[in-house]
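Number of protein chains: 2
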Amino acid sequence: MMMSLHVYNTLTGKKEVFKSIAKNAVGMYVCGPTVYGEPHLGHARSSITFDVIYRYLTHLGYKVRYVRNITDVGHLEDEHNETGEDKIVKKARIEQLEPMEVAQHYTNVYRQAMHALNIIDPSIEPLATGHIPEQIETIAKIIENGLAYEVNGSVYFDVQAYVQRYHYGQLSGRVLEELLAASRADLEGTNEKKFHADFALWKKAGKDHLMQWQSPWGRGFPGWHIECTAMSSKYLGIPFDIHGGGMDLKFPHHEAEICQSLGAYDKPPVNYWLHNNMVTLNGQKMAKSKGNFITLNELFSGSHSLLQKAYSPMTIRFFILQAHYGSTIDFSNESLIAAENALTKLEESYKVLDSYSAAATSSVDEETEKEVLETVESCYEAMNDDFNTAKLIAALFGFSKIIHKLTDPVRPVQISAKSVEKLSDTYRSFWRDVLGMRPENANSEKIDDLLGILIELRQQAKDDKNYSHADLIRQKLEHLGIQLKDGKDGATSYFL
Amino acid sequence: MMMSLHVYNTLTGKKEVFKSIAKNAVGMYVCGPTVYGEPHLGHARSSITFDVIYRYLTHLGYKVRYVRNITDVGHLEDEHNETGEDKIVKKARIEQLEPMEVAQHYTNVYRQAMHALNIIDPSIEPLATGHIPEQIETIAKIIENGLAYEVNGSVYFDVQAYVQRYHYGQLSGRVLEELLAASRADLEGTNEKKFHADFALWKKAGKDHLMQWQSPWGRGFPGWHIECTAMSSKYLGIPFDIHGGGMDLKFPHHEAEICQSLGAYDKPPVNYWLHNNMVTLNGQKMAKSKGNFITLNELFSGSHSLLQKAYSPMTIRFFILQAHYGSTIDFSNESLIAAENALTKLEESYKVLDSYSAAATSSVDEETEKEVLETVESCYEAMNDDFNTAKLIAALFGFSKIIHKLTDPVRPVQISAKSVEKLSDTYRSFWRDVLGMRPENANSEKIDDLLGILIELRQQAKDDKNYSHADLIRQKLEHLGIQLKDGKDGATSYFL
Chain A
1 MMMSLHVYNT LTGKKEVFKS IAKNAVGMYV CGPTVYGEPH LGHARSSITF
51 DVIYRYLTHL GYKVRYVRNI TDVGHLEDEH NETGEDKIVK KARIEQLEPM
101 EVAQHYTNVY RQAMHALNII DPSIEPLATG HIPEQIETIA KIIENGLAYE
151 VNGSVYFDVQ AYVQRYHYGQ LSGRVLEELL AASRADLEGT NEKKFHADFA
201 LWKKAGKDHL MQWQSPWGRG FPGWHIECTA MSSKYLGIPF DIHGGGMDLK
251 FPHHEAEICQ SLGAYDKPPV NYWLHNNMVT LNGQKMAKSK GNFITLNELF
301 SGSHSLLQKA YSPMTIRFFI LQAHYGSTID FSNESLIAAE NALTKLEESY
351 KVLDSYSAAA TSSVDEETEK EVLETVESCY EAMNDDFNTA KLIAALFGFS
401 KIIHKLTDPV RPVQISAKSV EKLSDTYRSF WRDVLGMRPE NANSEKIDDL
451 LGILIELRQQ AKDDKNYSHA DLIRQKLEHL GIQLKDGKDG ATSYFL
Chain B
497 MMMSLHVYNT LTGKKEVFKS IAKNAVGMYV CGPTVYGEPH LGHARSSITF
547 DVIYRYLTHL GYKVRYVRNI TDVGHLEDEH NETGEDKIVK KARIEQLEPM
597 EVAQHYTNVY RQAMHALNII DPSIEPLATG HIPEQIETIA KIIENGLAYE
647 VNGSVYFDVQ AYVQRYHYGQ LSGRVLEELL AASRADLEGT NEKKFHADFA
697 LWKKAGKDHL MQWQSPWGRG FPGWHIECTA MSSKYLGIPF DIHGGGMDLK
747 FPHHEAEICQ SLGAYDKPPV NYWLHNNMVT LNGQKMAKSK GNFITLNELF
797 SGSHSLLQKA YSPMTIRFFI LQAHYGSTID FSNESLIAAE NALTKLEESY
847 KVLDSYSAAA TSSVDEETEK EVLETVESCY EAMNDDFNTA KLIAALFGFS
897 KIIHKLTDPV RPVQISAKSV EKLSDTYRSF WRDVLGMRPE NANSEKIDDL
947 LGILIELRQQ AKDDKNYSHA DLIRQKLEHL GIQLKDGKDG ATSYFL
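Protein sequences appear in the order of chains A and B. Be aware that the first sequence starts at 1, since it is given in the working numbering, and climbs by one per residue. Be aware that the second sequence starts at 497, since it is given in the working numbering, and climbs by one per residue.
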């Protein structure tokens, strides 16, 4: 029997049966990018992870409202440093631009990259700057509930008051006593916070701060964490079903979201917390703030000193999906090339299957029949096991082996038309719809095919010692800017 | 001598020399779509018009900050009817969706269509719902200046107070006395407005109204006009250089923007008002609200009863640019097909020119030399004359004639390498950069080229009576799903 969907809930540290709040609908919120720089492999991993989760939930028949935000303001560079300046404003001043122009630019670049990676647009893509009133209302509620305080036009979440009523550190496992001890020495001086673990909900803006709004506490701008509480509750209600994001956001960001939701509504924000693991580069987290990262456009074009070649968006997508989202992935050219090869094999099997039709026969191979059914089941089992795309890809390689048996030129195995259909439907569903793999470029495949014919005709002419004809073909291709290069395995072509 | 840029200012009804406020920078605001339905030809005309204006200003060396908004709330269905319900909310209730989900969906469809039409993303694309505080602040300023009043939680612009200080109807030419006479009979009863020409700045929301925000006047939502005043002043300052939009927006929308800007800041919003004319269908304005419209996706796919065939995005773009933006365009299949043919000719001339190189010669044709210089000048004169793309396209056909003379197979005309370069640079600048025409699909061109070689080789085999070789090529193509069809002018191919 097919097992039901299980998800690893970071909040409990356990795999749990997934049960949505509404019967056939799921509300999912995922932390999107901060748009002050080029999207990199880290962004790709998070967006691909939750894209596949969105796709699989949809495949299971859920109507999913998927909200992924754009942080275009409010992410302080260093929150422990009270002079922390808004990252976007900083870039804007350097470039002498309106900060929203910088944010819009990188938002556009991000969206382009997401489309290249075949990521489905979320149902709602709210902007932090577009929800200032909602953020102010949420902060006001927290103050009303006695869990935040105002100092000099800034508002901080009151962690000491919070721990009287709720469990602090439930997601991240941070122990307050440790933070307490660490902070005592710290609190002398000019720090506005009453307690080290307190965090900003609203920050007073200096006169020259470009992004600022009126609030009950004077002109200022929201702290980083409050936007996600305001926007997820607005569009999904409280609690909603799934909150996703990168593992690096567990603390402080997601821990703060729990504090804010309990603080404003006396309800936890969400039932299931899902966190994707990091992409590492020589074992180090790949992130903008660490300076060791490769942008997606560099990957697509091959223009980075660490890259041996360009990698297509589908290669990147497959590379990321080869691992379970909960594991780290270490970046290397070798593993990307391996991903490219594996992807090509599965894409080719898909094509072979697409043009395969079972011969009318009564003698079906029972073992292969059984194998088909088992592999279909494996696909569901893989995805029902916390969206295990690594296992799913292994199952698809199982299909690939069956397809080889069916199309063996010497002794093809026969299965029933019904089984072929089942295999075909399942392969398409999981390869195209759930994993979201698409052919790289239908046109460039046609170009390859046509070039293949011309190269073959030329080879034949050479074999027939009809050198003038072989030369004619070479010249005609050269005229189109296509160069042929003869090697021991025949000619290869490249565009000049 | 090259004339300077002149623009037709709808405010003065005159062509004026364009002078930007800052020396090398231009601020331009254009009214974007209301995202409650599929984008249609009317949207395409406005976005293509101001895309080309943006491109030409950039070509002239201006740094342009181009703001085009998305109206995702606040456009009342019928403002004279006080029960007017927000269009987006209405759709959302029918579809049982969160209104932002509907707005996001149509925003995505709009952006896709804009990209297909090769429209450059604006520098900032602000959402109306994303600027509620800015709208509230603007309204508060107008009230403070005595030009708006609150009634039952709604706020209206006070036109009778306004006319004591400013000229009402300066853009649209509406005469207040007429409105006055018309409105007297009307003002009895439950109408909250003091005067018929007053318009809503803020509307009180009913309990069930889905899109609503807190304001100093209670919970409600902004009137339609205020968003553009709030967002243009935020990102461009007051006054800025150019305000664009469709001619149908002159009244009441743009007239209201002038009132609001003077009302809040005692300054007019903008120096130059530019309005594109409408696309008509059998002489009637093509618009969603009239029900007689063709969506862009229907045009691209040919799936509308009025369409004889599909028209590519570049055909639509060229069709619109063939007329000056100030003239109406009447839709017909004939004119679209004519546009398609004209576009093909100019694209072909461009390609011929691209691969043309002047032979080394001392005998240049002086008349043609002169013609090149004159045509280059015509391009600038056309665009400097209020962005007259119709004249510009005529000039490019002039280039096309010259290119035919240069490449005449019998008696090619010679011009200097310098003139070839000038011709080439100007053609590229105006065809690709200013008009924004791009090749429909670079890959499909390569496919055509490669197929062309194979068809030629097959024909040669047939001529040589080498029928088995001819058949081999046909078979190989068939295997790829490409069918050859022999006709009296040789074979043509099509994909199955």
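For each residue, glycine too, the CB sits at the ideal point set by N, CA and C.
Spatial neighbours of residue 369/A within its chain, please: C-beta separation below 6 Å, excluding the five flanking residues on both sides.
Start at 1 with the first residue of the first sequence, and residue 369/A comes out as number 369. 415, 419.
Between residue 750/B and residue 741/B, how many whole angstroms is the CB-CB distance? I'm expecting something under 8 Å.
Here residue 750/B refers to the residue found at position 254 of the second sequence. Here residue 741/B refers to the residue found at position 245 of the second sequence. With a Cβ gap of about 6 Å, residue 750/B and residue 741/B count as contacting.
Between which two residues does the alpha helix (DSSP H) harbouring residue 36/A extend?
Position 36 of the first sequence, counted from the first residue, corresponds to residue 36/A. That residue, residue 36/A, is in no alpha helix (DSSP H); it is neither H nor E in DSSP.
Do residue 203/A and residue 220/A have their CB atoms nearer than 8 Å?
Reading the first sequence from its first residue, position 203 is the one you call residue 203/A. Reading the first sequence from its first residue, position 220 is the one you call residue 220/A. Yes, the pair counts as a contact, with Cβ atoms nearer than the cut-off.
One question on the structure: do residue 270/A and residue 251/A come within less than 8 Å of each other, judged by their Cβ atoms?
Reading the first sequence from its first residue, position 270 is the one you call residue 270/A. Reading the first sequence from its first residue, position 251 is the one you call residue 251/A. Contact: no.
With three or more C-beta pairs closer than 8 Å as the rule, is the region 768 to 782 of chain B touching the region 533 to 546 of chain B?
Contact between the region 533 to 546 of chain B and the region 768 to 782 of chain B is present, because at least three Cβ pairs lie under 8 Å.
Could you tell me whether any Cβ in chain A is nearer than 8 Å to the Cβ of residue 768/B?
Numbered from its first residue, the second sequence carries residue 768/B at position 272. No, because no Cβ of chain A sits closer than 8 Å to the Cβ of residue 768/B.
At which residue ranges does the region 419 to 491 of chain A contain complete alpha helix (DSSP H) runs of 4 or more residues, listed in the order of the chain?
442 to 463, 467 to 479, all fully within the region 419 to 491 of chain A.
Tell me which residues share the same chain as residue 523/B and place their Cβ nearer than 6 Å to its Cβ, disregarding the 5 neighbours each side in the sequence.
Reading the second sequence from its first residue, position 27 is the one you call residue 523/B. Taken in chain order, the residues that qualify are 561, 732, 736, 737.
Ignoring anything shorter than 4 residues or poking outside the region 731 to 782 of chain B, list the alpha helix (DSSP H) runs there in chain order.
Segments of the alpha helix (DSSP H) lying fully in the region 731 to 782 of chain B: 751 to 761.
Go ahead and pull the three-state DSSP assignment for residue 652/B.
Within the second sequence, residue 652/B is the residue found at index 156, counting from 1. Strand at residue 652/B.
Suppose contacts are defined by Cβ-Cβ distances below 8 Å. Is residue 602/B in contact with residue 526/B by that definition?
Working through the second sequence from its first residue, we reach residue 602/B at position 106. Working through the second sequence from its first residue, we reach residue 526/B at position 30. For residue 602/B and residue 526/B, no; Cβs fall outside 8 Å.
What are the residues of the region 124 to 146 of chain A that lie near chain B, defined by any Cβ-Cβ distance shorter than 9 Å?
Answer set for the region 124 to 146 of chain A: 124, 125, 126, 127, 129, 130, 131, 132, 133, 134, 136, 137.
Are residue 272/A and residue 17/A closer than 8 Å when you measure CB to CB?
Taking the first residue of the first sequence as 1, we reach residue 272/A at position 272. Taking the first residue of the first sequence as 1, we reach residue 17/A at position 17. Their beta carbons are not under 8 Å apart, which means residue 272/A does not touch residue 17/A by this criterion.
Pull up the DSSP beta-bridge partners for residue 524/B, would you.
Position 28 of the second sequence, counted from the first residue, corresponds to residue 524/B. The partner list for residue 524/B (beta bridge, DSSP) reads 562/B, 738/B.
Output, in sequence order along the chain, the residues in the region 514 to 540 of chain B whose CB is closer than 9 Å to any CB in chain A.
Taking 9 Å as the Cβ-Cβ cut-off against chain A, none of the residues of the region 514 to 540 of chain B qualify.
Since residue 32/A contacts residue 70/A with CB under 8 Å, what's their CB separation in whole angstroms?
By one-based count along the first sequence, residue 32/A stands at place 32. By one-based count along the first sequence, residue 70/A stands at place 70. Right, the Cβ-Cβ distance comes to about 5 Å (below 8 Å), so this counts as a contact.
When DSSP builds the beta bridges, which residues end up paired with residue 16/A?
Taking the first residue of the first sequence as position 1, residue 16/A is located at position 16. Note: residue 16/A sits in a beta bridge opposite 7/A.
Between residue 921/B and chain A, is there a C-beta pair that is closer than 8 Å?
Mapped onto the second sequence, residue 921/B falls at position 425. Judged by the 8 Å Cβ criterion, residue 921/B is not in contact with chain A.
Assuming residue 852/B contacts residue 922/B under a Cβ cut-off of 8 Å, what Cβ separation, rounded to an integer in Å, is found between them?
Taking the first residue of the second sequence as position 1, residue 852/B is located at position 356. Taking the first residue of the second sequence as position 1, residue 922/B is located at position 426. Rounded, the Cβ-Cβ distance is 14 Å, inconsistent with contact.
Express the C-alpha separation of residue 850/B and residue 841/B in angstroms, rounding to a whole number.
Sequence index remark: in the second sequence, residue 841/B carries index 345 (1-based). Sequence index remark: in the second sequence, residue 850/B carries index 354 (1-based). Roughly 14 Å separates the two Cα atoms.
Can you name, in chain order, every residue of its own chain whose Cβ lies under 7 Å from the Cβ of residue 552/B, other than the five neighbours on each side?
Here residue 552/B refers to the residue found at position 56 of the second sequence. 879, 883, 930, listed in sequence order.
By the 10 Å Cβ neighbour count, where 16 or more other Cβ atoms means buried, how is residue 304/A classified, buried or exposed?
Residue numbering aside, residue 304/A sits at position 304 when the first sequence is read from its first letter. Exposed is the call here.
Count the other C-beta atoms from every protein chain shown that fall within 10 angstroms of the C-beta of residue 671/B, then say buried if there are 16 or more, exposed otherwise.
As a position in the second sequence, residue 671/B is number 175, starting the count at 1. Exposed, because fewer than 16 other Cβ atoms sit within 10 Å of the Cβ of residue 671/B.
With a threshold of 7 Å on Cβ separation, who are the neighbours of residue 123/A within its own chain once the five nearest residues in sequence on each side are excluded?
In the first sequence, counting from the first residue as 1, residue 123/A sits at position 123. Only 65, 66, 67 meet the Cβ criterion.
Using a Cβ-Cβ cut-off of 8 Å, state whether residue 453/A counts as contacting chain B.
Along the first sequence, one-based indexing puts residue 453/A at 453. Residue 453/A counts as touching chain B.
Who are the neighbours of residue 600/B on chain A, taking C-beta pairs under 7 Å?
For the purposes of this step, residue 600/B is identified with residue 104 of the second sequence, where counting begins at 1. 123, 124, 125, listed in chain order.
Let me know the secondary structure DSSP gives residue 352/A once reduced to three states.
To locate residue 352/A, count along the first sequence from 1; it is residue 352. Of the three classes helix, strand and coil, the one that applies to residue 352/A here is helix, per DSSP.
Using three-state DSSP, classify residue 204/A as helix, strand or coil.
Here the question's residue 204/A lines up with position 204 in the first sequence. Residue 204/A falls in the strand class under three-state DSSP.
Who are the Cβ neighbours of residue 642/B in its own chain at under 8 Å, not counting the five residues just before and after it?
Translated into positions along the second sequence, residue 642/B becomes position 146. Counting only Cβ-Cβ distances below 8 Å, and skipping sequence neighbours, we find 654, 657.
Based on the DSSP secondary-structure assignment, which residues constitute the bridge partners of residue 213/A?
Against the first sequence, residue 213/A aligns to sequence position 213. Bridge partners of residue 213/A: 220/A.
Could you name the residues of chain E that residue 945/B contacts, counting a contact when the two beta carbons are closer than 8 Å?
Structure shown: chain E not included; protein chains present are A and B.
Checking contacts by CB at 8 Å: is residue 474/A closer than that to chain B?
The residue labelled residue 474/A in the question sits at position 474 within the first sequence. Residue 474/A does not count as touching chain B.
Taking only beta-carbon positions, decide if residue 561/B is within less than 8 Å of chain A.
For the purposes of this step, residue 561/B is taken as residue 65 along the second sequence, with counting starting at 1. Closer than 8 Å: yes.
Looking only at its own chain, which residues have a Cβ that is under 8 Å from the Cβ of residue 665/B, when we skip the five neighbours before and after it?
Counting from 1 along the second sequence, the entry for residue 665/B is found at position 169. Around residue 665/B: 671, 672, 751.
Return the CA-CA distance between residue 631/B and residue 810/B, expressed in angstroms with no decimal places.
Your numbering for residue 631/B matches position 135 in the second sequence. Your numbering for residue 810/B matches position 314 in the second sequence. Those two C-alpha atoms are separated by around 38 Å.
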